[in-house]
Amino acid sequence: MVDYFLRHRAASYLMTVVLLAGGALAFLGMGQLEFPEFTIRNALITTQYPGATPEEVEQEVTSTLEESIQEMSSIKRVSSVSSDGLSQITVELESTVQNEELEQLWDSLRRKVEDAQAALPPGASQSRINDDFGDVFGFMVNLTGEGYAMPDLADHADFLKRELALVEGVEKVSLGGEHEERIYIEVDRERLRALNIPLTRLQQLLDTQNAVADSGHLKQDGRRFRITPTGSAANIDDLRALIVSEGDGELVRLSDIADVSRELAEQPQQLYRDMGRPAISLGVSFESGVNVVEVGERLQQRLDELQERTPLGMELNVVYDQPQVVDEAVSGFLVSLIQAVAIVIVVLMLFMGWRSGLLMGFILLITIIGTFMMMRIHGLQLEKISLGALIIALGMLVDNAIVVTEGMLVGLKRGHTIRDSAHQVIRQNAWPLLAATLIAIAAFAPIGLSPDTTGEFIGSLFFVLLYSLLLSWITALTLTPFYFKLFFRNVALGDGQEDPYKGLIYRLFSRVIITGIRFRWVTIILVVGLLIGAGLGFGSVKNAFFPASNTPIFFVDYRTPEGTDILETQRRVSELEDAVMDMDGIRHLTTTVGGGAQRFTLTYSPEDRYSSYAQLIVETDDKATQRERMAEVEKVLKREHGDIDYKIAPLEVGPAPKAKLEARFYGSDPEVLRQLGDRADAIFRDTPNMTSVRTSWRNRVQSIEPVFLEDTARRLGVTREDLADTLALSTSGSQVGVYRDGSDLIPMVARAIPSQRHDIDNLGSLNVWSEERGRYISADQVMGEVSTQVTDPLVMRRNRERMLAVYGEPDPLSGVTAASVLAEVRPEVEDLELPPGYRLEWGGEYETAGEAQSGLFSSLPLGLAMMFIITVVLFNNFRQPLAIWSLVPLTIIGVVGALLLTGLPFSFMALLGTLSLIGMVIKNAIVLVEEINVQLPLHQDRYHAVVRAAISRVRPVAMAALTTMLGMIPLISDAFFASMAVALIGGLGVATLLTLVVLPVVYCVLYRIKIHADS
17 MVDYFLRHRA ASYLMTVVLL AGGALAFLGM GQLEFPEFTI RNALITTQYP
67 GATPEEVEQE VTSTLEESIQ EMSSIKRVSS VSSDGLSQIT VELESTVQNE
117 ELEQLWDSLR RKVEDAQAAL PPGASQSRIN DDFGDVFGFM VNLTGEGYAM
167 PDLADHADFL KRELALVEGV EKVSLGGEHE ERIYIEVDRE RLRALNIPLT
217 RLQQLLDTQN AVADSGHLKQ DGRRFRITPT GSAANIDDLR ALIVSEGDGE
267 LVRLSDIADV SRELAEQPQQ LYRDMGRPAI SLGVSFESGV NVVEVGERLQ
317 QRLDELQERT PLGMELNVVY DQPQVVDEAV SGFLVSLIQA VAIVIVVLML
367 FMGWRSGLLM GFILLITIIG TFMMMRIHGL QLEKISLGAL IIALGMLVDN
417 AIVVTEGMLV GLKRGHTIRD SAHQVIRQNA WPLLAATLIA IAAFAPIGLS
467 PDTTGEFIGS LFFVLLYSLL LSWITALTLT PFYFKLFFRN VALGDGQEDP
517 YKGLIYRLFS RVIITGIRFR WVTIILVVGL LIGAGLGFGS VKNAFFPASN
567 TPIFFVDYRT PEGTDILETQ RRVSELEDAV MDMDGIRHLT TTVGGGAQRF
617 TLTYSPEDRY SSYAQLIVET DDKATQRERM AEVEKVLKRE HGDIDYKIAP
667 LEVGPAPKAK LEARFYGSDP EVLRQLGDRA DAIFRDTPNM TSVRTSWRNR
717 VQSIEPVFLE DTARRLGVTR EDLADTLALS TSGSQVGVYR DGSDLIPMVA
767 RAIPSQRHDI DNLGSLNVWS EERGRYISAD QVMGEVSTQV TDPLVMRRNR
817 ERMLAVYGEP DPLSGVTAAS VLAEVRPEVE DLELPPGYRL EWGGEYETAG
867 EAQSGLFSSL PLGLAMMFII TVVLFNNFRQ PLAIWSLVPL TIIGVVGALL
917 LTGLPFSFMA LLGTLSLIGM VIKNAIVLVE EINVQLPLHQ DRYHAVVRAA
967 ISRVRPVAMA ALTTMLGMIP LISDAFFASM AVALIGGLGV ATLLTLVVLP
1017 VVYCVLYRIK IHADS
C-alpha cells in the first residue's frame, strides 16, 4: 500500500482532494445545534375530576390509571401528583428505548389509558396525553404592547404563529401565557328565587343554545340542500336576549336576571411577563437535522417583513435565540479548533523541525476535514460535543503521523532512501499503530455504547473519535510517506554513522532510565507510593455531575405558600421583579406565573402547573455579573420574602434532576410521611451550604367543609349535586356552556353577582333548588355545621407508592458540590428511625449521576476486554501486555494532582477523560514495547535493547502526549469540558513520564533482565 501511494502521485493527490473537498462540502451542509439531540422518553397524562379532593383524585382516578399504565412493557417509572380536581401522571420509559420505538409505545400507552376510562368515576374528564416533551422551542420571544388588552395581544400572536409556521425549517410554533377569555353570566340569586327559576334550567338553556346540531338535508329536483336553522347566539346581545322563562304572562330574558359580559378569566392558568409587563410567549421549534443558524436567519427576515403589520406599540423581545447561541458556540469552537491545530503545528515545528511540523500539520488538517465528511455520512451535526471531540482527538490524530515521520527521519540519518525508510517504518509499525488506534477507540467505546440518556447526550463524542482516529491511521500509512517525499526531497542523506540519539535530552533521559532499572525495586516502591498518595488525595477532590452553562442565564423558582391564588402569586413576584430590574447588568427578565416556561433549551425542564409557583428567567451581561446578581437576589428574597420557598440556579449544561439533593420517603400514611419529611427538612436546613430546602407535598391548606345532611336532604328532594351547584354559583362559578366566536370556543361561566359571592359566613343563607318540590328551600335545612379543615393539597406517588420528597440545593455561590453536601447530610437522615413499611431513597444528582455511571460502566468491561485482547493478539504473549497494563492505574496520579491544583471537580466528563486516558497510555506503551521487540534482535544484551528502545521512543511518545495536552488548552475555558481537559492534561503528562521510565523497569522485572557488570 505504501509503495502504491509513493509511486502513484495521482492517487495520492486524488485522495487528498476527496478528503479536503468532500470534508469542506460536508461541513458547509451539516446541521448546527447548541447541544446534540437526545430522546426525552416522558409523557404526561392529565385528567380533571372537578370537585374532588386530592385523596379522592388519588384513589378514584390516579390509582386506576396507574394500574393500567404499569401493565405496559419498557416502563421505567410512573410518578403522579393528585391535587384538587386534577390528576397528573408522568410516565418515563426505560433509557434503552430507542427513538424509533417511541411512537409504538406511546400508542400502547394511549390504548391503556383509553381502556381505563370506563373505570373512572362519573364526573371525571377524558384523560389527555402529552408526549411532546421533546419539543425544544429554541427561538423564544415575548410579545408585549403598552396599552393593549390581552385579547389584542393574543390576536396578533395568533397571526405571528400562522406566519412563522410557514418558514422553511420550522417544525412548530407554540404560544404560552395566553390569558383566556370567559363569558361571565352573573346571576342575581334573589331574582332567581323570586321568579322560581332553577339554575338547572339556565344551564340547559345556555348549553344547548349555541350547540351545533345536524338538522338534516332536503332533496329536491336532483339537488341536495343542507338545513341550518338560525337562533344561535351570534353576539353578547343575543345571549342577553335569550328567554329564560315565561312567568305570569311576562317573558323573562337572561338580561333580567343576570349581567352578561365578556372578560378575561378571573383565574388564568398561566401568565407571562416581560420586564414586568404582561406578555404572550411565542416559541419556535426546528425540524430535526436542519442548520438552525440558517433557519434563524429566515425567521428574522420574516419577522422584519411582518414588522409593518405589527400594531404600533407592540414589540417582540427575545428571551432565547438558539440560532445566535449556536452560531456563537460553533464559531467559538471552530476558533478553539484552529487554535489547537496551530498549537500542535508550532510544537511539532519546534521539536521536530519546520519541515516535519508542516508535514504533520498538513496531514492533521486533511484528517480533520476528512472527518467532517464521515460525520455527515453518519448524520452527526456540528454541536458542542462533536466539535469538542475533534479538539480532544487532535493530539491523538497526529500520533500515527509522528511515529511514521520520526521513523523516516531516523532512516534518512542512517543513510536510507526515502522509499526504504518508508517501507521499513510501515512494515514495523503498521499493525502496532492499528492496534494502538483501535485501543484508543475502545477506550471511548463505553461512551458510545452507554444505553442511558447521558450516553445518548454525549454519544457523538465516541463516533467522532472513531472516524477521526481510523482516518488518521489511514493517512499516516498512505499520505504521510508520499508528502514526506515531497517535503524532504532535497534533504541530504546521512552517512549511516551518526547516532540520531546523541543529543543532550537523550543523554539525560538515558541516565534516568538506567538509574531506574538499576534501582528497579526502589523505583517501583516510589511509584506505588505516588499511587497510594493519589488514592488518598482523591478523597479531597470535589465531585460533581455536570457543570453550569457558560450562558449568563439563571433562574429563580418562587413558591408562595400552597393555596395562594395565581393573581396573588403574580402580585408578590412582581415585587421581586421590580427589585431585579433595578439591579445593574440585567439584560432581560422573563417571568412565568402558574408554571414553567416553554422548553427553550434541551436541558431546561419546565415546572408543572401550580397557582403558587412563579419563575424568573434572568439574563445578565456576563458570567461574572450573573454570580453577583444571584447573590443579590438571594439577599432580597431573605430580607423581603421570608415566607416563600425559593431556588436560585444557573442554566445547566447536561441533564439535570428536579433538585440536586433529594431524600424520598415511601409509605402509606400521609401523617407519618409528613413527620419524616419535617425531620429531614430540619436536618437539611441545619446543614451548612444547603439552600432552597422544601418538601414536595408543600404546606397543608385550609378547606371549608359544609356538612351535608343527607337524610333531611332526601326528604326535601335535594341532592348533593344540587347543593354543590348552588355553592359553586355563589363562589367561583360553574361552566354552563360554550360561546362560539369564529374559531374561538369561549367557556360561559355562571356565577352570582359580586355582592352575593365569596361570603363564607352566610353560606347557610343560600337557597337551593328542590326538583321534587319545584321551589327553592333554604340551604341551612340541608347543610349542617360549616367547618374549616387542614388538608394535604398534593398527594404524590412514585411507582404507585405514596412518596414525600425533601429537596435541597448546594449553595451555588459557595463553590461546594452536591456530593460534598450530601456527604454531610446523609448520615443524619439515614439515622432517622423509620416505622415498619416505610423506606428512604436518595434521588437528585446522586441518582442521576449513578444511573449515568451505571450505563457507562455496564459497557466498560467490554471495552477493556477488547483492549486487552488486542494487546495479547498483537504481542502473542501475556507478559508484554501485563507490562503495558501495569501503567493503567498510574493515570490517576496526574488526574488527582491536576484537579486538586485547579480546584475543579471530578465531574462526569472528567470520568470520561480518565477512562479515555487508558487508551492513550496503552497506545504510547504499545509503541515503546514494539520498539523493544525491534531492538532485541539487534543487541546481544537485552538490557541494552530495552534502554535503546526507550531512548528511541522518547520523541514520538513525548510529542504525541505533548500535542494532545496542549491541544486541550482551548477547552479549559469551556465549563462543560474544563474538568475533562484538566484531567487529560494532568493524567497524560504524568502517565507519559512514568511510561517512559516505569515501563522499561517493569519490563526488566517481568523478563528478569539484569545489568551486567560491564554495562
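If you read the sequence shown in my numbering, its first letter stands for residue 17, the second for the next number, and so on.
Note that beta-carbon positions come from the ideal geometry of N, C-alpha and C, so glycine has one too.
Quick caveat: nothing in here was measured; it's all calculated off a predicted structure.
inquiry  = What does the alpha-carbon distance come out to for the pair Gly859 and Glu472?
reply    = Gly859 and Glu472: Cα-Cα distance of roughly 21 Å.
*Rounded separation between Arg714 and Pro809 - CA only*: So the two alpha carbons sit approximately 8 Å from each other.
| Considering Arg603, what are the terminal residues of the beta strand (DSSP E) in which it resides? | Here the beta strand (DSSP E) through Arg603 covers 602-609.
**Whether Lys128 touches Ile91 by CB criterion (8 Å)** = No. Outside cutoff.
Classify Leu182: buried if its beta carbon has 16 or more other beta carbons within 10 angstroms, exposed otherwise.
Result: exposed.
**Prompt:** Going straight from the alpha carbon of Gly831 to that of Ala564, what length do you get?
**Reply:** When rounded, the distance between both Cα atoms is 12 Å.
Around the Cβ of Lys235, are there at least 16 other Cβ atoms within 10 angstroms (buried) or fewer (exposed)?
Burial call: exposed.
_By the DSSP assignment, the beta strand (DSSP E) with Ala679 in it spans what residues?_
That run of the beta strand (DSSP E) goes 677-682.
Q) Based on Cα-Cα distance, which residue from Phe535, Met936, Arg701 lies nearest to Met883? A) Among Phe535, Met936, Arg701, the Cα nearest to that of Met883 is on Met936.
Rounded C-alpha distance that separates Trp489 from Ile908
Cα-Cα distance, rounded: 28 Å.
*So what does DSSP say about Ile540, is it helix, strand or coil?*
Helix.
- prompt: How close, in whole Å, do the beta carbons of Phe388 and Ala42 come, if the pair is a contact with beta carbons under 8 Å?
  reply: So it is a contact: roughly 5 Å between Cβ atoms.
Bridge partners - Ile105, DSSP secondary structure assignment: For Ile105, which the question treats as bridged, DSSP gives the partners Ile61, Ser96.
Nearest-angstrom Cβ-Cβ length linking Met984 and Ala997, presumed shorter than 8 Å:
With a Cβ gap of about 4 Å, Met984 and Ala997 count as contacting.
* Where does Ala560 fall in DSSP's three states? -> Here Ala560 carries a coil assignment [DSSP, helix/strand/coil].
* **Those residues which DSSP pairs with Arg855 across a bridge** => Arg855 is bridged by DSSP to Tyr682.
What residues in its chain sit with their C-beta under 7 Å from that of Tyr200, if we drop five residues either side in the sequence?
-> If we look at Tyr200 and ignore the five residues flanking it on each side, its Cβ neighbours are Ser277, Glu279, Val765, Arg767.
Going by the beta-carbon positions, is the gap between Leu315 and Lys177 smaller than 8 Å? Note that the C-beta distance between Leu315 and Lys177 is not below 8 Å.
If you count every other CB in all the chains shown that lies within 10 Å of the CB of Arg813, and 16 or more means buried, which is it? By the neighbour-count rule (16 or more Cβ atoms within 10 Å), Arg813 is buried.
request  = Within the same chain, show all residues whose beta-carbon is closer than 7 Å to that of Ala991, passing over the 5 residues directly before and after it, in chain order.
outcome  = Excluding sequence neighbours, Ala991 sits near Pro563, Ala564, Ser565, Asn566, Val669.
Practice item. Could I get the ranges of all uninterrupted beta strand (DSSP E) runs contained in the region 278-321, with 3 residues as the minimum, in chain order? Key: The region 278-321 contains these whole beta strand (DSSP E) runs: 287-290, 293-302.
| said: Quick check: what's the CA-CA separation for His604 versus Tyr164? | reply: Rounded to whole angstroms, His604 to Tyr164 spans 21 Å at the Cα level.
task = Just grab the DSSP bridge partners of Phe241 for me.
result = Leu234.
Taking the alpha carbon of Asp757 as the point to measure from, which residue in Gly929, Ser124, Glu197, Val113 has its own alpha carbon closest? Per the Cα distances, Glu197.
Report yes if the C-beta of Arg730 is less than 7 Å from at least one heavy atom of the ligand NAP; otherwise report no. Among the components of this structure there are no ligands whatsoever, and the ligand NAP is therefore not found.
Handout entry: Cβ distance (whole Å) where Arg855 is taken to contact Tyr682 below 8 Å
Key = With a Cβ gap of about 5 Å, Arg855 and Tyr682 count as contacting.
* Take Gly800 and list the residues in its own chain whose beta-carbon comes closer than 8 Å to its own, dropping the five residues that flank it on each side. => If we look at Gly800 and ignore the five residues flanking it on each side, its Cβ neighbours are Pro722, Val723, Phe724, Leu725.
query = For Ile900, is the classification buried or exposed, using 16 other Cβ atoms within 10 angstroms of its Cβ as the cut-off for buried?
reply = Label assigned to Ile900: buried.
Could you name the residues that DSSP lists as bridge partners for Asp337?
Residue pairing by DSSP places Asp337 opposite Phe155 in a beta bridge.
| task | Check Tyr574 in the structure and name its three-state DSSP category. | result | If DSSP states are grouped into helix, strand and coil, Tyr574 belongs with the strands.
Tell me, which residues are paired with Pro722 by DSSP?
Residue pairing by DSSP places Pro722 opposite Val802 in a beta bridge.
Take Arg964 as the anchor and find which of Tyr522, Glu788, Ala740, Gly879 has the nearest alpha-carbon. Closest by C-alpha distance to Arg964, out of Tyr522, Glu788, Ala740, Gly879, is Tyr522.
**Study point:** Top-ranked residue by Cα proximity to Ala974, from Gln797, Leu915, Ser95, Val943
**Key:** Looking at Gln797, Leu915, Ser95, Val943, the one whose alpha-carbon comes closest to that of Ala974 is Val943.
* Cα-Cα, which of Leu381, Met391, Pro1016 is closest to Leu898? -> Measuring from the Cα of Leu898, the nearest candidate turns out to be Pro1016.
Which of the three DSSP states is assigned to Val113 in this structure?
The answer is coil: DSSP assigns Val113 none of H, G, I, E or B.
query: Quick one: what's got a C-beta closer than 6 Å to Asn445's C-beta in the same chain, skipping five residues either side?
result: The residues are Val419.
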